[in-house]
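First the structure, in the form of structure tokens, and then the observations on it.
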Amino acid sequence: MSTVVVNAFLTLDGVAQAPGQPEEDRDGGFPHGGWQVPYFTEEQGELVGRWQGRAGGLLLGRKTYDLFAAHWPHVPADHDHAGIAAVLNALPKFVASRTATSLAWQNSTLLDGDVPAAVAKLKEQDLGELQVIGSLDLAQTLIRHDLVDEYRLMVYPLLLGTGKRLFAGGTVPAAMDLVSTETTPAGVTASVYRRGGDVLYGSFAL
Amino acid sequence: MSTIAINMFLTLDGVAQGPGGTDEDLDGGFAHGGWTTSYFTEQLGEIIWKWHVDPGALLLGRRTYDIFAGFWPKVPADHDDAAMARVLNEAPKYVASRTLDKADWQNSTVLAGDVVEAVTELKKQDLGEIQVLGSVNLAQTLIEHDLIDEFRLTVFPVVLGTGKRLFGDGTVPTSMKLVSATSTDAGVVACVYRRAGKPTYGSFGL
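Chains as they are written, first to last, in this note's numbering: chain A, 703 to 908; chain B, 884 to 1089.
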């Protein structure tokens, strides 16, 4: 059995669109791309590196795959990011795409057909942690089908008011277990949640 | 000058509706009321107590006001919540309501007319910290008009997928400073954010 882990960058109001650069995702005319950059510290880089170091495979949407495939195979061996590049290049990559996409990046496989069904099948194999990185539309699809076992959420101290949210309509009600939480000097909180059982309800009364 | 602080319970997906009881707020057919109660530990009570102690004034929406006015004045002197009851009973209270004529709970004043204007006027007075408790509709209005100075957000480890969110579509883009973050054994994360300025953006060279 494998587990599906979503690593996501979020604003305080839950927006996950285009954290890393202005042109990353302009869907809906989103004008706030690149909002995470001023907060990205060395501490956070280390944390992200640690999280990604646990990956047994990557689950990527087409847009994120294309960005990654154009970047990571070309990082020079003496670059600061050579270590993470080596990790990402070597990992098996599963790409959710309805349109034809080049799979030139090493160890890439197309998930064709029904993505939730394909991911459910992958979960039956022993691939370790299948990490969803970026790939917001794919993450939302997996959340709607209750296929996510763990969330690693980095919440940035800002509000945007517009943009795609990670937890959109269709999120299946679920309780979680908080595994850990830490903060960075720039005010980012990094929390790990594991899927628990059903939500319990009650009422305060005298 | 006074400051406005919002103390709010949120789910991991940002929902703020009906935290304390199944029938608290059924707007939109909300079926998940009472999602905080199973996580309410002594540790969380202590965090919240520190936030509430000695408010300059309370600012409440009509629904929260009615719930509180029906609860806190009746708490017996030997009850676990007696100290909190004393704080809330004695604090000056402002109720945003278009329909309420008078407010019977001690020290209550009805803010009739335009709530944004009324709150802007209150902020000019020296009331100390004006706390918004519950009152998600009122909180949304204040957020849309950029009137909040501090957010105290208690995030419970559940996702619900439906319900009113604290940060709706009219949220003004704002950067914040994380003042503190504390987690409880039950997996609740309590964060305090203070308003900082406008967001800034950058670009990762991917």
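All C-beta atoms, glycine included, are put in the ideal place defined by N, C-alpha and C.
Within chain A, the residues Pro875, Val901 and Tyr903 have their CB atoms less than 9 Å from the CB of His915(B), given in chain order. Comparing C-alpha distances from Phe1039(B) to each of Pro875(A), Val834(A) and Ala710(A) shows the shortest one belongs to Pro875(A).
Taking Leu832(A) as reference, the option from Gln719(A), Asp729(A), Leu762(A) and Gly904(A) with the minimal CA-CA separation is Leu762(A).
Counting only residues of its own chain and dropping the five nearest sequence neighbours on each side, Thr873(A) has a CB closer than 6 Å to the CB of Ile845. Taking the Cα of Pro956(B) as reference, the smallest distance to any Cα among Arg969(B), Ser1018(B), Thr919(B) and Phe913(B) is reached at Arg969(B). In the three-state reduction of the DSSP assignment, Ala888(A) falls in the coil class, being assigned neither a helical nor a strand state. Separation of the CB atoms of Gly736(A) and Ser1086(B) is rounded to 5 Å, and the pair is thereby assigned contact status at 8 Å. For Ala819(A), the enclosing alpha helix (DSSP H) begins and ends at Val817 to Glu826.
Under DSSP, Gln1014(B) takes part in a beta bridge, and its partners are Ala888(B) and Leu941(B). Here the alpha carbons of Pro794(A) and Ala1001(B) stand approximately 59 Å from one another. Interface annotation for the stretch 1031-1058 of chain B against chain A: Pro1040, Val1041, Val1042, Leu1043, Gly1044, Phe1050, Asp1052, Gly1053, Thr1054, Val1055, Pro1056, Thr1057 and Ser1058, criterion Cβ-Cβ distance under 7 Å. At a beta-carbon threshold of 9 Å, the residues of chain B lying near Val739(A) are Thr1083, Tyr1084, Gly1085, Ser1086 and Phe1087, ordered along the chain. Secondary structure at Arg897(A): strand, using DSSP grouped into helix, strand and coil. Not flagged as an interface residue toward chain A: Leu941(B), since no C-beta distance is shorter than 7 Å. Residue pairing for Asn709(A): DSSP places it in a beta bridge opposite Ile835(A) and Arg854(A). The three-state reading of DSSP puts Leu769(A) in helix, counting H, G and I together.
For Lys976(B), the enclosing beta strand (DSSP E) begins and ends at Lys976 to Ala979. In this structure Glu726(A) is buried. Its beta-carbon is surrounded by 16 or more other beta-carbon atoms within 10 angstroms. Residue pairing by DSSP puts Thr992(B) in a beta bridge opposite Tyr977(B).
Ranked by Cα distance from Lys1047(B), the options Asn1020(B), Val1072(B) and Thr886(B) are led by Asn1020(B).
For Glu1000(B), the enclosing alpha helix (DSSP H) has its first and last residue at Val998 to Lys1007.
In this chain, the alpha helix (DSSP H) harbouring Val1019(B) covers Val1019 to Glu1027. The shortest CA-to-CA distance from Ile930(B) to any of Arg1035(B), Tyr977(B) and Lys1060(B) is the one to Arg1035(B). At a C-beta separation below 7 Å, Trp918(B) has these neighbours in chain A: Val901 and Tyr903.
In this structure, Thr885(A) lies away from Thr743(A), with their beta-carbon atoms at least 7 Å apart.
Segment contact: the stretch 932-939 of chain B against the stretch 961-977 of chain B, three or more CB-CB distances shorter than 8 Å; contact assigned. The Cβ neighbour count for Lys1007(B), taken over all protein chains shown within 10 Å, is under 16; the residue is labelled exposed. The C-alpha of Val717(A) lies about 17 Å from the C-alpha of Lys765(A).
For the pair Gly815(A) and Val821(A), the Cα-to-Cα distance works out to about 11 Å. Counting only runs that start and end inside the stretch 781-819 of chain A, the beta strand (DSSP E) elements of at least 3 residues fall at 795-798 and 810-813. In the DSSP assignment, Arg1078(B) falls within the beta strand (DSSP E) that extends over Val1072 to Gly1080. Taking the beta carbon of Lys933(B) as reference, no residue of chain A falls within 7 Å; the closest one sits roughly 18 Å away.
Taking the Cα positions, Gln723(A) is about 11 Å away from Pro733(A). Per DSSP, the continuous beta strand (DSSP E) segment holding Arg1035(B) begins and ends at Glu1033 to Phe1039. Judged by DSSP secondary structure, Val750(A) falls within the alpha helix (DSSP H) whose first and last residues are Glu744 to Gln754. Per DSSP, reduced to three states, the secondary structure at Leu844(A) is helical.
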